[in-house]
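Novice: Got a structure here, written out as structure tokens. Questions coming.
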Amino acid sequence: MNDPLDFYHQVWPKHSEYAKRWLNRFPEWDTTDSDDEHLLNCIEIWLEKARELTDERALMTELRLVRQRSMIEIMRRDLQGKVDLFDVTEALSFLADAAVQISLKLSHRLQAERFGEPANGDCLMVVGMGKLGGFELNASSDIDLIFLYNQDGETQGGPTGKSQSHAEFFNQVGKRIIKIISEVTDEGFVFRVDMRLRPNGDSGPLVVSLDMLEEYFVVQGREWERYAWIKARVVNWAVDPAQDAAFQQNLDNLNNIVRPFVFRKYLDFGSIRALRALHVQIRNEVSKRENQHPGSVHVKLGRGGIREIEFTAQAFQLIRGGREPKLQLRRTVDVLEVCVELGLITADDHDKLVAAYRFLRNLEHRLQYVDDAQTHRLPASPTEVLRIARSMGFQDPGNFIKALNRHMGYVASHFDVVFGDKQEDEETSSLELPWADTLTQGFSDPQAAQDRYQHLIESSRYQALPSAHRERVDRLMPTVLAAAGASSAPDSCWRHFCDLIETVSRRGAYLSLLDEYPIARMRVSRMLAASPWAAKFLIRHPLLLDELLDSRTLLTPPDFNQWKQVLRDMLNQAKLPDGQPDLERQMDLIREQHHAQLFRVLTQDLENLLTVEHVSDLLSELADCTLEVILECAWDQLPKRHRAQPKFAVIAYGKHGGKELGYSSDLDLIFLFEDDDDRAPDLYAQLAKRMNRWLTTQTAAGTLFETDFRLRPNGEAGLLVSSVKSFEDYQRREGGVGAWFWEHQALTRARFCVGDAEIGKKFETLREEILQLPRNWEDVKKEVIGMRQKMLEGHPNHSELFDVKHDLGGMVDVEFMVQALVLGHAHTHHDLTKNKGNIALLKKAGELGLVPADLANYVADAYRQLRAKQHALRLAGLDKSRTSDPALMVLKKPIRKLWETLLGQDAG
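Here my numbering is used: the first residue of the sequence shown is 32, the next is one more, and so on.
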């Protein structure tokens, strides 16, 4: 235990020679006037001038002075007991983040002034590794950085028209950042910068594209690099706020590359061996140095030191992090807390490890405070030991050494327990597997992989194959296994690949494709691993394997106008011998072509080429185009039609109307007509039914969409098609009968889809008029809250997970708030009736002052994140959009705050 006396008054500023030098130069820095101000707020205020500077040399000077003043303030508060360990590490990390962001902004601007901005708003991503990534910087840390950019390209050209490749541009930006932060001047430095953790270390390029990073991980990534990337964190934001959305997508792309590399989907006990080997290597190096300092203690790398606590936590992360997302954290103490929750360590072990961690990290800081030196070794001089002991709160150095030995002794013994020989390391060695040299790692259940293969070759389908096909399957399976093992989810990839092989085993062409085209096999494995939904879709429609051969069409943006024309030509050629349309073949064709376009969108989505919003836009446009072609076919094949073109329109509601379609979304539709012919009602009812058959009939090529017509006037009791006049009367409640409030809610997300353009204009005009009707705001709130309550009751969630769509604080809350704003305020703010989507409308409401603008923007961004998570969960094959991600759970609070601000009452 510490001695009971308070020695803080004895150690400041006497403890630090570094502090005394700077306080001699700037005595006004030694003040307690700001003690009531949070440490981060002080640093932020001191950085204000630096953020405005546009001269490189002036910025270097200012950042160094801010660094020295911040260090003095951090030291003083720490040594006077006014902040704890994590306040210190957070402040140091915050300072480093800010220095990087400020340096990046100036460096990017200076480079862009000469060569123009990078294409597509690309911006350098500065990845903080190690302690910086984990918000755990020590008082004299290097900052380990890696510089990344999204994709190769050319800048737009500067005043002279000269441009640079993205690699050249960001290389120069990176060099300037390093200079601004690390060059030693009369004012010292901001942080030492270490770039050696980048791909290929000092021999590799200074900046790396995401494609290069992904290839490096796949081809060369080593176990110690998985350890290094655990704490990785992008420490900057976009230099241009207008590019924030694109930058967020880049961050998502990076996360999708890093996460499967670091966190394997199986219990990776091999990580213990790799970490043990790395630790032995480090300890051997320390031992060599300790020969020069006999009897000294290295509090970081020595036996029982800080590194052994970190290794303990990170071993559990590497072994189980893929299976237990809760372990995918950065701070060491947070990981240890989750280890208790998962039963990996006892509560007593946790308390002792955290106590040791606090003690050793505080000691580390006090060693470095003395002269701002990057040291972790306890000095040998009794005078210096006394100095350190007193800074730790001990009057008697002997008591200090006893406490140090107690903590380090416990850490060492616990480390030996974790990293001793484990039977789990050998648990798969006795398994008899095919192609065992390929299946050495990657599978969480190698025996299940063997069983699945055995089931395939013993199946009646395989046994009945022609010998040539069996030989091709036999030759193909080792390469398939290798592809699965190299994927991000080996077990599920292998399982789905076996299902696919069974499905296509009678089709020699597909076996040849997978056998002879490695690029197609690789793409299949990535898709099967990335998304169970995509895997099932491909297995249901193996014809889509053909699409994998041509990257030019697979990964380029779709041209739906061209696609419609090609589809029309194909349909026109699908005729029976008597010249009549071959309806069955036409239905198959439209399904095959629709599936091909959907598959291309899906592939680009899984390749992280599209945002969620872009995916929804493309799927909605694809649905519109499909409906347009189906309407043409259905009308042309309708007997007794009385005009060349129908006076008929399709109106989209719900996700389709709001252009938020997912891969398996239903189509919410209603049908309108405006035709005085006596036969019109029956004729257009037949047309609507025929269109529905085209959409929903199951053929050999599958189906297109499920449809829902319940939003038509009077719902299921109403007519399938409505005249424009009757639809208007219903919406206006002529005669006191007609649309309910919730039907006007639905109208906020409705739009003309395909058909007669004049009817479409009349619908859009009517829609705006209905939405702009004056409504009592209290009535609007009551109706919206009541409907929200019904939806909540209809989607109960009894789990501990957060349902990002239906739970309070989820997507439905945001959608209902937008609908309330439209229905309550469109009569005075007509722009709210524009069907621009929930995000744009919410931000518009903020601009109009209907809700707090800052909160509206925050909730709009939160809604975007929730949509992205819902999209990811659907691709993962989950029926319910539920998650335990704490980063998403925290979004509930601002959403509920906006709900209460706007509607004044909780649903539920």
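Yeah, the Cβ is synthetic: ideal placement off N, Cα and C, and Gly gets one too.
Which two residues bound the contiguous beta strand (DSSP E) that contains V215?
Specialist: Neither: V215 is in no beta strand (DSSP E) and is coded neither H nor E.
Novice: Round the Cβ separation of F702 and A719 to the nearest angstrom and send it over; I've been treating them as touching at under 8 Å.
Specialist: The Cβ separation is near 5 Å, so the contact holds.
Novice: Starting from C524, trace the alpha helix (DSSP H) in both directions and tell me its first and last residue.
Specialist: Run containing C524: 521-535, per the alpha helix (DSSP H) assignment.
Novice: Could you check how far apart the C-beta atoms of H381 and E395 are, in whole angstroms? I think they sit under 8 Å.
Specialist: No, H381 and E395 are not in contact; Cβ-Cβ is about 21 Å, not under 8 Å.
Novice: Determine, using beta carbons only, whether L873 and L863 come nearer to each other than 8 Å.
Specialist: Contact: no.
Novice: My guess is that V289 and A263 are in contact by the Cβ rule of under 8 Å, so how many angstroms apart are they, rounded?
Specialist: That belief holds up - the Cβ atoms of V289 and A263 are roughly 6 Å apart, short of 8 Å.
Novice: Taking its Cβ as the centre, do 16 or more other Cβ atoms sit within 10 Å of N592, making it buried, or is it exposed?
Specialist: N592 is exposed by the Cβ-count criterion.
Novice: Taking 8 Å as the cut-off, does the segment 348-365 touch the segment 154-169 (at least 3 CB pairs, one atom from each stretch)?
Specialist: Touching, per the Cβ criterion.
Novice: Taking the beta strand (DSSP E) that S240 belongs to, which residues open and close that run?
Specialist: S240 -> beta strand (DSSP E) spans 238-240.
Novice: A386: which of M439, I350, Q405, K357 sits nearest, CA to CA?
Specialist: When each option's Cα is compared against that of A386, the closest is M439.
Novice: Could you name each continuous beta strand (DSSP E) segment of 3 residues or more that falls completely within the segment 353-394, going from the start of the chain to the end?
Specialist: Counting whole runs of 3 or more residues, the segment 353-394 contains no beta strand (DSSP E) stretch at all.
Novice: So what's F794 in DSSP terms, helix, strand or just coil?
Specialist: Of the three classes helix, strand and coil, the one that applies to F794 here is helix, per DSSP.
Novice: Since A150 and E185 should fall inside the 8 Å C-beta cutoff, what is the C-beta to C-beta distance between them, to a whole number of angstroms?
Specialist: That belief holds up - the Cβ atoms of A150 and E185 are roughly 6 Å apart, short of 8 Å.
Novice: For Q195, which residues of its own chain have a beta-carbon under 6 Å away from its beta-carbon, when the five flanking residues on both sides are left out?
Specialist: Taken in chain order, the residues that qualify are F146, T186.
Novice: Out of K821, A411, D365, T377, which one is the CA nearest neighbour of R996?
Specialist: No answer is possible for residue 996: it lies beyond the span of the chain, which begins at 32 and ends at 939.
Novice: For Y548, which three-state DSSP category applies?
Specialist: Three-state result, Y548: coil.
Novice: What does DSSP give as the partner residue(s) for H329 in the beta ladder?
Specialist: H329 is bridged to R408.
Novice: When DSSP labels each residue in this structure, what does G235 get in the three-state scheme?
Specialist: Three-state result, G235: coil.
Novice: Please identify the residue among P428, N72, V504, H139 whose C-alpha is closest to the C-alpha of E415.
Specialist: When each option's Cα is compared against that of E415, the closest is P428.
Novice: Quick one, which of Q279, Q628, L614, G791 has its alpha-carbon nearest V597's?
Specialist: The residue with the shortest Cα to Cα distance from V597 is Q628.
Novice: Roughly how many whole angstroms lie between the Cα atoms of S124 and P410?
Specialist: About 27 Å.
Novice: Under the rule that 16 or more other beta-carbon atoms within 10 Å means buried, what is H775, buried or exposed?
Specialist: It is buried - the Cβ of H775 has at least 16 other Cβ atoms within 10 Å.
Novice: With D655 and V752 assumed to form a contact (beta carbons below 8 Å), what rounded beta-carbon distance in angstroms separates them?
Specialist: Not confirmed; about 19 Å, so no contact.
Novice: With distances taken between CB atoms, is the gap from L574 to V555 smaller than 8 Å?
Specialist: Not in contact: L574 and V555 (Cβ atoms no closer than 8 Å).
Novice: Terminal residues of the continuous beta strand (DSSP E) containing V882?
Specialist: Neither: V882 is in no beta strand (DSSP E) and is coded neither H nor E.
Novice: Express the C-alpha separation of N639 and P236 in angstroms, rounding to a whole number.
Specialist: Roughly 24 Å between the two C-alpha positions.
Novice: CB-CB under 6 Å to D37, same chain, minus the five flanking residues each way: which ones, in chain order?
Specialist: Confidence at D37 is low in this model, with a pLDDT of 46, below 50, so the placement of that residue should be treated as unreliable; the coordinate-derived value is given next. Hits under 6 Å: none found.
Novice: Taking the CB atoms as reference points, tell me whether L71 and A122 lie closer together than 8 Å.
Specialist: Yes.
Novice: Just to confirm, are L155 and V204 a CB contact at a threshold of 8 Å?
Specialist: A contact, by the Cβ cut-off of 8 Å.
Novice: Say whether the segment 879-892 touches the segment 614-634, bearing in mind that this needs 3 or more beta-carbon pairs closer than 8 Å, one atom from each stretch.
Specialist: Segments in contact, no.
Novice: Where does G746 sit, in a helix, a strand or coil, going by DSSP?
Specialist: In the structure shown, G746 sits in a helix (DSSP, three-state: H, G or I).
Novice: Please report the Cβ distance between I103 and A50, rounded to the nearest whole angstrom; I am assuming they are in contact, meaning their Cβ atoms lie under 8 Å.
Specialist: Yes, they are in contact, since the Cβ atoms of I103 and A50 sit about 6 Å apart, within 8 Å.
Novice: Look at the alpha carbon of T120 and the alpha carbon of A170, and state the distance between them as a whole number of angstroms.
Specialist: Taking the straight line from one Cα to the other gives about 8 Å.
Novice: Between R418, R501, E691, which has its C-alpha nearest L653's C-alpha?
Specialist: Nearest option by C-alpha distance: E691.
Novice: DSSP puts E185 in a beta bridge; with which residues?
Specialist: DSSP lists S196 as partners of E185.
Novice: May I have the straight-line CA-CA distance separating R763 from F704, to the nearest angstrom?
Specialist: Spanning the two alpha carbons is a distance of roughly 18 Å.
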